[in-house]
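*Asks:* After the structure tokens below, expect a handful of questions from me.
Protein chains: 4
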Amino acid sequence: MSGSSMGVLFKVTTWGESHGAANGCVIEGCPPLIDLSEADIQTALDRRKPGQTAFASPRREPDTVEILSGVFEGKTTGTPILLLIRNRDAASSAYDNLRDVFRPGHGDFTYLKKYGIRDHRGGGRASGRETVSRVAAGAVAEKITHAAGISVLAYTKMLGGIYADPVLCDPDTVSVKQVVENRLYCPDPDAARHMEQALEEAKAAGDSLGGIVEIVVRGCPPGLGEPVFDKMDADLAKALMGIGAVKGVEIGAGFAAAGMKGFEANDPILPPARFFSNHAGGILAGITNGADIILRAACKPISSIEKEQQTIDIHGAPAKLSVKGRHDVSVIPRIIPVCEAMVQIVLADHLLRQKAVAG
Amino acid sequence: MSGSSMGVLFKVTTWGESHGAANGCVIEGCPPLIDLSEADIQTALDRRKPGQTAFASPRREPDTVEILSGVFEGKTTGTPILLLIRNRDAASSAYDNLRDVFRPGHGDFTYLKKYGIRDHRGGGRASGRETVSRVAAGAVAEKITHAAGISVLAYTKMLGGIYADPVLCDPDTVSVKQVVENRLYCPDPDAARHMEQALEEAKAAGDSLGGIVEIVVRGCPPGLGEPVFDKMDADLAKALMGIGAVKGVEIGAGFAAAGMKGFEANDPILPPARFFSNHAGGILAGITNGADIILRAACKPISSIEKEQQTIDIHGAPAKLSVKGRHDVSVIPRIIPVCEAMVQIVLADHLLRQKAVAG
Amino acid sequence: MSGSSMGVLFKVTTWGESHGAANGCVIEGCPPLIDLSEADIQTALDRRKPGQTAFASPRREPDTVEILSGVFEGKTTGTPILLLIRNRDAASSAYDNLRDVFRPGHGDFTYLKKYGIRDHRGGGRASGRETVSRVAAGAVAEKITHAAGISVLAYTKMLGGIYADPVLCDPDTVSVKQVVENRLYCPDPDAARHMEQALEEAKAAGDSLGGIVEIVVRGCPPGLGEPVFDKMDADLAKALMGIGAVKGVEIGAGFAAAGMKGFEANDPILPPARFFSNHAGGILAGITNGADIILRAACKPISSIEKEQQTIDIHGAPAKLSVKGRHDVSVIPRIIPVCEAMVQIVLADHLLRQKAVAG
Amino acid sequence: MSGSSMGVLFKVTTWGESHGAANGCVIEGCPPLIDLSEADIQTALDRRKPGQTAFASPRREPDTVEILSGVFEGKTTGTPILLLIRNRDAASSAYDNLRDVFRPGHGDFTYLKKYGIRDHRGGGRASGRETVSRVAAGAVAEKITHAAGISVLAYTKMLGGIYADPVLCDPDTVSVKQVVENRLYCPDPDAARHMEQALEEAKAAGDSLGGIVEIVVRGCPPGLGEPVFDKMDADLAKALMGIGAVKGVEIGAGFAAAGMKGFEANDPILPPARFFSNHAGGILAGITNGADIILRAACKPISSIEKEQQTIDIHGAPAKLSVKGRHDVSVIPRIIPVCEAMVQIVLADHLLRQKAVAG
């Protein structure tokens, strides 16, 4: 109940601080007899790893995962799976100047208010580094969703105000190939180039950028999600809003639906059981309807910037702050595999929950 | 684990179908020695009651609440509180034609896929009627938040494409008086008049409207919310997305934050511990920072419309459907007290959770 | 988290006080499409009802159950089931003298210490009356266990120091017929007669008696129970120890196993997969092994006695107390259906949990 | 929900197999600002360590604990604490002959039935080795209970049929000094000598012994425990019954209470708020009353014995088995710190839960 767990039957609990000895998670409820190796998880971690673009933190973390329990002779045993990722390149001394001052837009102030203590090194528990554990858990969840015929694809819809072309960035047609073709995971290569330029300019200015991630879930069977509070969309919204930078979540037509009329917003149903449109985003009354699930997450710009900002120190005195450290210029693209992982975990959990419901 | 519970320490479990014998909830974890009477809860229920405007369902429900447990001589005892609201005016036969056909935009199809059975009468468990239990629970939660100096105010920001004036509808200044002055709970009286007109037109056309609700939480102390999954914003997003009509949720600057730069999005901190702006919407790293919490929920138009729609029957054959029954033209304004209730429950829960954290 | 819930997937939350308006429970996670009527539940309640023997409370409660949700046209729908039992014959004024004095052996003192308030009427929430809700829930659980081929039988092994003949009271052979033949649910009719006499003598002396209940579960498939904390025996122990009067629980050989040697205690395994003996009581490493589950619960004598006792009042001053009210002389036999219900609920829950584990 | 977690607010999740890479646990909900070092935990682990008596497994495990998260500069931060204990001396090949045969009295058969796979090496997840994680977590829990003035003391009441002298082994007076004076943790030194002799004889005979552990909790404030299912005694019973070898649990007078009359069993209350006797074992209606909590756990003899036993192999064919490996002759004394740890965890959890209840 510390808030570090998600899922009911497929349950992930993460632990670890940015500059602590390690990060990791324990996964409870993973069914037995699933093939699982460290290599399976490593592939996912490599996508999230820092140091891969000029706009990402230069911190060098191999992010090597160890499976310490729950797997025997290459198969899951049904018992808890412990995943461990050692922190290697934690240059904590670079954060010494943040010991006594609160970074605007960060959890420094709120953690201290909540706990009366904070690990200031690299953001401690509030660091984006914690998401390495989520991605590792997501790779295990994917084993379950994949077996059920489900795939999850996230990509950059907007970055720094630059939108991908809506035709190229159509959730009905966007392909993995399109997405992995550039390092910003944007299905529109021209937009990607402009986004890179915007990142360079922001970096040069000591500033940072935000963006919008879109996620499409394909192959999801109807019937997943639990009325009335653990709706599929409610759980997905919580999962995405639980990522540090996310300030808004929408499903299907989302905010645009608020401006529609009922006749327009409703998706007509065609025989034998197909939806003519997908304003619902694949979910009706909190339960999947068999159509693709479509989600969007709005990500604020990275809070840590070199540009000098007005703040206070821990004694309440005014202070000026220029955050040096090692930081990304935007959470995009590194947030992309994190979004996918969160969605994978929610889907795996609801697949297991549905097994208990179904006769 | 049926999905009908929310909250960890202040826990609400709702039960009941639209045309069943009753609706209600059991509230666990309410602290003892709080003054609580049926009249306290009734006031909240009366705001949500159907039959109060021309655009709301003409169903006549007195919505009289009974407290069946957990209260002794006018005070809570710390044991579970059962709230019961009998259904009186359930005209189930009006729904007979919906037994064999799926209403577009509704949970009819997905409930049947999930459970293999559905109570078709008035939407069964998926009906908006279920929210009467949430509003009742919210009134109990409010006792806890009120004692902590917190207030929650929701209002109509947009309806049918008509936006309230941003100056009148400013979360920093909007007052309860402004909100209750018109029956659409819109702080801008002119906009409210246009909204009423739009509702009349939509009703005449057999159609329905959507809108945006904004919610401001004042007086919330810093330190509420749990890293890293049970963030305050994550729990609020889940709570609001768990309301039937909601398709999007944002906090603070929300989707607009995605287009900002870091220097603009960060809220500078002024001595002794005040935020110059509030793009964060009162929450940093998932923990309240003492500023107002600001939320917006996008509500799709009501799915039940008289206009004829294309659908299928339970055998997969094509069908035409014109939903007669008794329905609102928009979830606004009746969703307003529901949004407030959901937020109240989340806040009460996190207030109790923080007591366990604090030394 | 108020402690009034049990079960993870088949989850029962009870509510209600002895002299409140009603008692009842909400059942979450009951699978859909199960036949369920009020008559099904009534049969179970009738076994627990007061006023049936001379040694039981003369309180006259019809204990009529109403199903208020979760059932449609005679079948469960998968949504929460609310069961309501109105309290009719609550003679609260008979308890006025208990307002200011603590009954020895009761929760009066501890509830006041915990909550700072207590409903003194008839024991409030701590009353045995609360178990009416458990028996109702157990009747629903039985639908699930019965479908899985499982039966649960509880009976009186000892009452007031009088033991049933071990041959007649052998869990391997004891039959329902034997048990229901006398009103003390004792498989040994001679012992039952002596027990009745002991009850009469205790009643005449203004005193009360304790006893031991044995429970046998037949037909349970192997594989139920979750390592390492939610072991089947751990969950059963918690369930039984959570009944007011129970002070000890043992499984299989129980305390006698502590005096055995390993060679004696181990149950040899015979082909194809049968256990030669059953000292394990049907559970190995917390997981059922397919043999009968055998449990025993030690019940203390009823605390409410007419014999004058030494106590204190709520101001800490010494007091003498003779409890009048309406009380059973022993929790046996009325605790028998309660024990069965608790076991049924645990089994139903683990049946559903195993469905999520099994491929 | 895999069953490997215990506690609601102070929550411990263990992971690890006997011959896997490591064992450990994640602790959620530990309050911030508590002094915690590896040395604090090591002291507790050293008491449980194998290889310390001739009757314990000769496996050589240093059982060195690492704290990987949740502690900053020697103080807890309120975030999850990960404790890691590497397995060093896992002689797995010694277990090769157990790959295809089920050990009587063990979980081999039931794990395979449940999961369709089992890690046969050293018992896998069902091994007593898993309790190293519980003892580590118990040491953290002790920080919380100690600050509340609570102490927990467990000791050997009976081993191999030899009972400690009831005067020396009186929960009212037994001291830590008495208990640690001999390596069987028995407060009666003469009995301890006889117990050692019995262990030698059993070892020589290739057999094993059971025993009874008694636990006394001192200094516990009144008011802990939650009606009606999460009673303090119910949670303690579950915790103790969740230890592999335990087959029975009793509290206070326990099974003896079943033979008492009410006037005898009730503990008279003396001014200002003291109990004349303690048949209740410190708990009334599931809530602590301020008197000492007294518990007893019946432990079966170790299942792994050299004496040849009848069993079957995984194909259902008959087999003879003599378990070689490295095993204790009795779970006593190594189960003693495990019992203490389980009780510490339950108490720490209920202390935090009570904070949320109390105004």
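Residue numbers (our numbering), protein chains in the order written: chain E, 1 to 359; chain P, 1001 to 1359; chain H, 2001 to 2359; chain V, 3001 to 3359. The beta-carbon is built from N, C-alpha and C at its ideal position, and this holds for glycine as well. Note that the coordinates shown come from a computational prediction; the quantities given were computed from them, not determined experimentally.
Put L1224 of chain P into one of helix, strand or coil per three-state DSSP.
*Replies:* Looking at L1224 of chain P - three-state DSSP - the assignment turns out to be coil, as it is neither helix nor strand.
*Asks:* Identify whether D366 of chain E lies in helix, strand or coil by the three-state DSSP scheme.
*Replies:* The structure shown has nothing for residue 366 of chain E, since chain E only spans 1 to 359.
*Asks:* Is L1270 of chain P near I314 of chain E, with beta carbons less than 8 Å apart?
*Replies:* Not a contact, by the Cβ cut-off of 8 Å.
*Asks:* Go to A2044 of chain H, then tell me how far its alpha helix (DSSP H) extends in each direction, as first and last residue.
*Replies:* Here the alpha helix (DSSP H) through A2044 of chain H covers E2038 to R2048.
*Asks:* Measure the Cβ-Cβ separation of I1234 of chain P and K238 of chain E and say whether it is below 8 Å.
*Replies:* Checking the sequence, you will find Ala at residue 1234 of chain P rather than Ile. Yes; because the gap between Cβ atoms is below 8 Å, this pair is in contact.
*Asks:* Could you tell me if L1033 of chain P is buried or exposed, where buried requires 16 or more neighbouring beta carbons within 10 angstroms of its beta carbon?
*Replies:* With fewer than 16 Cβ atoms within 10 Å of its Cβ, L1033 of chain P is classed as exposed.
*Asks:* Taking 8 Å as the threshold (beta carbon to beta carbon), is R183 of chain E in contact with chain V?
*Replies:* Answer no: the Cβ-Cβ gap between R183 of chain E and chain V never drops below 8 Å.
*Asks:* For G2290 of chain H, which of H:N2278, H:L2045, H:A2297 and H:G2316 has the nearest alpha-carbon?
*Replies:* The residue with the shortest Cα to Cα distance from G2290 of chain H is H:N2278.
*Asks:* So what does DSSP say about Q52 of chain E, is it helix, strand or coil?
*Replies:* It is coil, neither helix nor strand.
*Asks:* Taking one C-beta from the region 2135-2150 of chain H and one from the region 2336-2344 of chain H each time, how about it: are there three or more such pairs within less than 8 Å?
*Replies:* Contact holds: three or more Cβ-Cβ distances are below 8 Å.
*Asks:* I need the DSSP call for V2167 of chain H, collapsed to helix, strand or coil.
*Replies:* Three-state DSSP puts V2167 of chain H in coil, outside helix and strand.
*Asks:* With a threshold of 8 Å between beta carbons, is P1318 of chain P in contact with chain V?
*Replies:* It does not: the Cβ of P1318 of chain P has no partner Cβ on chain V nearer than 8 Å.
*Asks:* Roughly how many angstroms lie between the CA atoms of S4 of chain E and T2043 of chain H, to the nearest whole one?
*Replies:* Looking at the two C-alpha atoms, the distance is approximately 45 Å.
*Asks:* Listed from N- to C-terminal order along the chain, which residues in the region 3075-3094 of chain V have their beta-carbon within a distance smaller than 7 Å of any beta-carbon of chain E?
*Replies:* Under the 7 Å Cβ criterion, the region 3075-3094 of chain V contributes K3075, T3077, G3078, T3079, P3080 and L3082.
*Asks:* Quick one: any contact between the region 3202-3212 of chain V and the region 2256-2268 of chain H, if contact means 3 or more CB pairs under 8 Å?
*Replies:* Cβ pair count under 8 Å is three or more, so yes.
*Asks:* In angstroms with no decimal places, state the Cα-to-Cα distance between A2317 of chain H and G2105 of chain H.
*Replies:* Between A2317 of chain H and G2105 of chain H, the C-alpha separation is close to 18 Å.
*Asks:* Measure the alpha-carbon distance for P1227 of chain P versus R1218 of chain P and round it to whole angstroms.
*Replies:* Cα-Cα distance, rounded: 22 Å.
*Asks:* Could you check whether the Cβ of P2104 of chain H sits closer than 8 Å to any Cβ belonging to chain P?
*Replies:* So no, P2104 of chain H is outside the interface.
*Asks:* Does the distance from the C-beta atom of A3160 of chain V to that of M3195 of chain V stay below 8 Å?
*Replies:* Here residue 3160 of chain V is Gly; the residue named in the question, Ala, does not match the sequence. Yes.
*Asks:* Between the beta-carbon of H19 of chain E and the beta-carbon of G116 of chain E, is there less than 8 Å?
*Replies:* Result no, Cβ atoms of H19 of chain E and G116 of chain E do not sit closer than 8 Å.
*Asks:* Can you tell me the Cα-Cα spacing of I1369 of chain P and V1065 of chain P, whole angstroms?
*Replies:* Nothing about residue 1369 of chain P can be read from this structure; chain P reaches only from 1001 to 1359.
*Asks:* DSSP three-state label for P3318 of chain V, please.
*Replies:* In this structure, P3318 of chain V counts as strand in the three-state DSSP scheme.
*Asks:* Mark G3107 of chain V as exposed unless 16 or more other C-beta atoms lie within 10 angstroms of its C-beta, in which case mark it buried.
*Replies:* By the 10 Å Cβ count, G3107 of chain V comes out buried.
*Asks:* Starting from the C-beta of A192 of chain E, find all residues in its chain whose C-beta is less than 7 Å away, skip the five residues before and the five after it, and write them out in chain order.
*Replies:* Taken in chain order, the residues that qualify are N182, L184 and C186.
*Asks:* Going along chain E, which residues have a C-beta under 9 Å from S3069 of chain V?
*Replies:* The answer, in chain order, is W15, G16, E17, G20, A21, A22, N23, G24 and R125.
*Asks:* Can you tell which of P:A1280, P:A1297, P:G1281 and P:H1327 has its C-alpha closest to the C-alpha of S1303 of chain P?
*Replies:* S1303 of chain P has its Cα closest to that of P:H1327, out of P:A1280, P:A1297, P:G1281 and P:H1327.
*Asks:* Would you verify that the beta carbon of C3186 of chain V is, or is not, closer than 8 Å to some beta carbon of chain H?
*Replies:* Output row for C3186 of chain V: interface = no.
*Asks:* Ordered along the chain, which non-local residues of its own chain (more than five positions away) have a Cβ less than 8 Å from that of I3336 of chain V?
*Replies:* Closer than 8 Å at Cβ, skipping near neighbours: R3047, A3154, Y3155, T3156, Y3185 and V3213.
*Asks:* On a CA-only basis, which of H:R2086, H:R2118, H:T2079 and H:I2085 is nearest L2098 of chain H? Give me that one, please.
*Replies:* Nearest C-alpha to L2098 of chain H: H:R2118.
*Asks:* Ignore the nearest five residues each way along the sequence and tell me which others in V2132 of chain H's own chain have a CB closer than 7 Å to its CB.
*Replies:* So the qualifying residues of the chain are N2023, L2045, R2048, D2063 and I2085.
*Asks:* Say whether chain E places a C-beta atom closer than 8 Å to the C-beta of K1324 of chain P.
*Replies:* Judged by the 8 Å Cβ criterion, K1324 of chain P is not in contact with chain E.
*Asks:* Which one of H:H2120, H:A2094, H:A2285 and H:A2021 has the shortest CA to CA distance from V2101 of chain H?
*Replies:* The shortest C-alpha separation from V2101 of chain H is found at H:H2120.
*Asks:* Alpha carbon to alpha carbon, how far is K3075 of chain V from S3037 of chain V? Give it in angstroms, no decimals.
*Replies:* Each residue's Cα considered, the two are about 8 Å apart.
*Asks:* Can you tell me where the alpha helix (DSSP H) with R1193 of chain P in it begins and where it stops?
*Replies:* It spans P1189 to A1204 - the alpha helix (DSSP H) in which R1193 of chain P sits, taken as one unbroken run.
*Asks:* Assuming I3243 of chain V is part of the beta strand (DSSP E), what are its boundary residues?
*Replies:* No beta strand (DSSP E) holds I3243 of chain V; DSSP gives it neither H nor E.
*Asks:* Starting from the N-terminal side, write out each stretch of the alpha helix (DSSP H) that is 4 residues or longer and does not extend beyond the region 3096-3164 of chain V.
*Replies:* For the region 3096-3164 of chain V, whole alpha helix (DSSP H) runs of length 4 or above, ordered along the chain, are 3108-3115 and 3131-3147.
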